[in-house]
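In the order they appear, the protein sequences are chains L and P. Each residue of the first sequence is one higher than the one before, counting from 1 in the UniProt record's numbering. Each residue of the second sequence is one higher than the one before, counting from 1 in the UniProt record's numbering. We put the beta carbon where it would ideally sit given N, CA and C, even for glycine. For clarity, every value in this text was computed on a predicted model and none was experimentally measured. Data first, discussion second: the structure below is written as structure tokens.
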Amino acid sequence: MSQVRISENGAQFCQSVFDDMMTQSDAVYGVLISTVDGHDVVKCFKQDMPASKLAAMMSSVLALGETVAIEADQQQCRYVIVENSNGYILTLRLKEKLVLTVIARANANLGMLHSITRSAVEKLAEKLK
Amino acid sequence: MSEIKIIITGTPGAGKTTAIAAISETPPVRTDTATTDELSEVKEQTTVAMDFGELTLEDDQKVFLYGTPGQRRFEFMWKILVQGGLGLIILVDCTREDPLADMKMYLENFSDFIAETGAVIGLVKRDMTDTPPLDEFYQALNQQGLMFPVFEVDVREQGDVALMIDALVSLLEYS
Chain L
1 MSQVRISENG
11 AQFCQSVFDD
21 MMTQSDAVYG
31 VLISTVDGHD
41 VVKCFKQDMP
51 ASKLAAMMSS
61 VLALGETVAI
71 EADQQQCRYV
81 IVENSNGYIL
91 TLRLKEKLVL
101 TVIARANANL
111 GMLHSITRSA
121 VEKLAEKLK
Chain P
1 MSEIKIIITG
11 TPGAGKTTAI
21 AAISETPPVR
31 TDTATTDELS
41 EVKEQTTVAM
51 DFGELTLEDD
61 QKVFLYGTPG
71 QRRFEFMWKI
81 LVQGGLGLII
91 LVDCTREDPL
101 ADMKMYLENF
111 SDFIAETGAV
121 IGLVKRDMTD
131 TPPLDEFYQA
141 LNQQGLMFPV
151 FEVDVREQGD
161 VALMIDALVS
171 LLEYS
């Protein structure tokens with residue numbers, strides 16, 4: 001069990017940010033905040049998905065992305081994007097110990113998805129201690 | 001020149017990352033991140049995807065070493081990392097509550113892979129607490145119908161890690 005805790009107010013704030021993201025793009029059907037070592041913290045899914053498993057997997061994916069960037073002599077991995085035939089999974093760091101993952105259908109505009117996600121990270125990072 | 005892939009697994013904090021760092025000829029690839037759970041009392045960082053290192057044996061055989069994350073929630077990585085692997089090293093942290101149960105758990109989780117390949121058991125941190133004698137680990141293996149080498153090792157020592165790799169390569173060659 002992660003020792004990272006979000007207060008009730010914090011969780012409500014996260015949910016409002018997630019709602020905004022889903023309003024800005026109806027292609028977004030899942031948003032998850034998890035820890036860098038793979039524990040789920042808070043989520044909003046429009047369909048059933050295994051949050052704890054996704055949290056572990058996204059920590060691996062992000063860590064691999066960041067490590068691959070270093071091996072390729074590139075700095076500051078901003079996002080890791082998994083592009084699939086029917087959707088996108090976009091993940092990025094949220095402060096030092098958290099990860100934000102956004103899951104969207106294929107009709108998402110990737111540029112919009114970037115913009116919505118980046119804006120959400122800024123809001124969340126400001127609020128979450 | 002042939003290449004072999006060996007996987008190192010074991011409980012969190014057993015020393016998988018340390019073992020690979022001790023023997024790799026190239027700077028090891030790591031995917032360590034901050035620990036945010038009870039493990040943070042033991043260590044500040046944990047592997048969440050894999051470690052990677054490489055070395056060359058005397059006969060020019062290249063060995064690629066892959067370290068797994070230890071926690072069960074990363075079980076999906078275990079399945080990915082064993083693909084194409086030729087053997088498994090299981091590190092058992094003897095300061096934990098039940099090292100024999102830990103060994104059995106990893107033998108069970110990697111049973112399909114082990115059945116096709118082989119394994120070596122490395123007992124670590126033997127000098128820090130009272131732990132079951134070596135015989136009990138062999139007995140536990142026998143009870144599962146398995147015969148694998150068991151070593152007491154210090155994974156910070158290159159020679160100890162090399163010993164496990166040599167034993168595993170020999171086991172695979174003569175099995």
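| Item | Value |
| --- | --- |
| Using CA atoms only, rank isn't needed, just tell me which of P:LYS125, P:LEU100, P:GLY84 and P:LEU123 is closest to GLU116 of chain P. | P:GLY84 |
| Taking THR17 of chain P as the query, report the chain A residues whose CB atoms sit under 8 Å from its CB, ordered along the chain. | Included in the structure are the protein chains L and P, with no chain A among them. |
| Which residues, in order along the stretch 58 to 74 of chain L, keep a beta-carbon less than 7 Å from a beta-carbon of chain P? | SER59, SER60, ALA63, LEU64, THR67 and GLU71 |
| May I have the straight-line CA-CA distance separating VAL42 of chain P from ALA14 of chain P, to the nearest angstrom? | 11 Å |
| Over the uninterrupted beta strand (DSSP E) stretch that includes THR18 of chain P, give me the two end residues. | Not the beta strand (DSSP E): THR18 of chain P falls in the alpha helix (DSSP H), residues 16 to 23. |
| Please list, in chain order, all residues of the same chain as ARG78 of chain L whose beta carbon is under 8 Å from its beta carbon, the five residues on each side excluded. | LEU92 |
| Does the stretch 128 to 147 of chain P come into contact with the stretch 48 to 63 of chain P, if we say contact requires no fewer than three beta-carbon pairs (one atom in each stretch) closer than 8 Å? | no |
| How should PHE76 of chain P be labelled, buried or exposed, when 16 other C-beta atoms within 10 angstroms of its C-beta is the threshold for buried? | exposed |
| Give me, in chain order, the residues of the same chain whose beta-carbon lies closer than 8 Å to that of MET50 of chain P; leave out the 5 immediate sequence neighbours on both sides. | VAL29, THR31, TYR66, GLY67, THR68, PRO69, MET77 and LEU81 |
| Once the 5 residues before and after ILE89 of chain L are set aside, which same chain residues still bring their CB inside 6 Å of it? | VAL82 and ILE103 |
| Count the other CB atoms, across all protein chains shown, that sit within 10 Å of the CB of LYS46 of chain L; report buried if there are 16 or more and exposed otherwise. | exposed |
| I'd like to know whether the C-beta atoms of TYR106 of chain P and THR9 of chain P end up nearer to each other than 8 Å. | yes |
| Along the chain, where does the beta strand (DSSP E) containing PHE13 of chain L start, and where does it finish? | No beta strand (DSSP E) holds PHE13 of chain L; the alpha helix (DSSP H) holding it covers 8 to 24. |
| Using a Cβ cut-off of 7 Å, pull out every chain L residue sitting near ASP33 of chain P, in sequence order please. | Looking at the sequence provided, one finds Thr at residue 33 of chain P rather than Asp. Simply VAL36, ASP37, SER59 and ALA63. |
| With a threshold of 8 Å, are at least 3 pairs of Cβ atoms found where one atom belongs to the stretch 85 to 94 of chain P and the other to the stretch 113 to 131 of chain P? | yes |
| Taking the C-alpha atoms as reference points, what is the distance between SER60 of chain L and GLY38 of chain L? | 8 Å |
| Could you list the residues in the stretch 62 to 87 of chain P with a C-beta less than 8 Å from some C-beta on chain L, going in chain order? | PRO69, GLN71, ARG73, PHE74, PHE76 and MET77 |
| Using Cβ-Cβ distances below 9 Å, what residues of the stretch 27 to 51 of chain P are close to chain L? | VAL29, ARG30, THR31, ASP32, THR33, ALA34, THR35, THR36, ASP37, GLU38, LEU39, SER40, GLN45, THR46, THR47, VAL48, ALA49 and MET50 |
| Could you work out which residue in L:ALA63, L:SER34, L:LEU64 and L:LEU62 is closest to PRO50 of chain L when comparing CA atoms only? | L:SER34 |
| Find the residues of chain P that neighbour SER52 of chain L, judging by a C-beta separation of less than 8 Å, and give them in chain order. | ARG73 |
| Under 8 Å, Cβ to Cβ, is there at least one residue of chain P near LYS97 of chain L? | yes |
| Tell me which residue opens and which closes the alpha helix (DSSP H) that ASP166 of chain P is part of. | 158 to 174 |
| So LEU91 of chain P is in the alpha helix (DSSP H); what residue range does that whole segment cover? | Here LEU91 of chain P belongs to no alpha helix (DSSP H); instead the beta strand (DSSP E) covers 87 to 93. |
| Whose C-beta lies closer than 7 Å to the C-beta of SER25 of chain L among residues of the same chain, with five residues either side of it excluded? | ALA104, ALA108, MET112, LEU113 and ILE116 |
| Mind reading off the beta-carbon distance from ALA21 of chain P to GLU157 of chain P? Whole number of angstroms is fine, and I expect it under 8 Å. | No, ALA21 of chain P and GLU157 of chain P are not in contact; Cβ-Cβ is about 12 Å, not under 8 Å. |
| On the DSSP bridge list, what partners appear for TYR66 of chain P? | P:ILE7 and P:PHE52 |
| Are GLU25 of chain P and THR35 of chain P close, meaning C-beta to C-beta below 8 Å? | no |
| Mind checking if GLN15 of chain L is an interface residue toward chain P, Cβ cutoff 8 Å exclusive? | no |
| At the level of alpha carbons, what is the spacing between ILE7 of chain P and ALA119 of chain P? | 9 Å |
| Please name the residue in L:ASN86, L:ALA106 and L:VAL99 whose C-alpha comes closest to that of ARG118 of chain L. | L:VAL99 |
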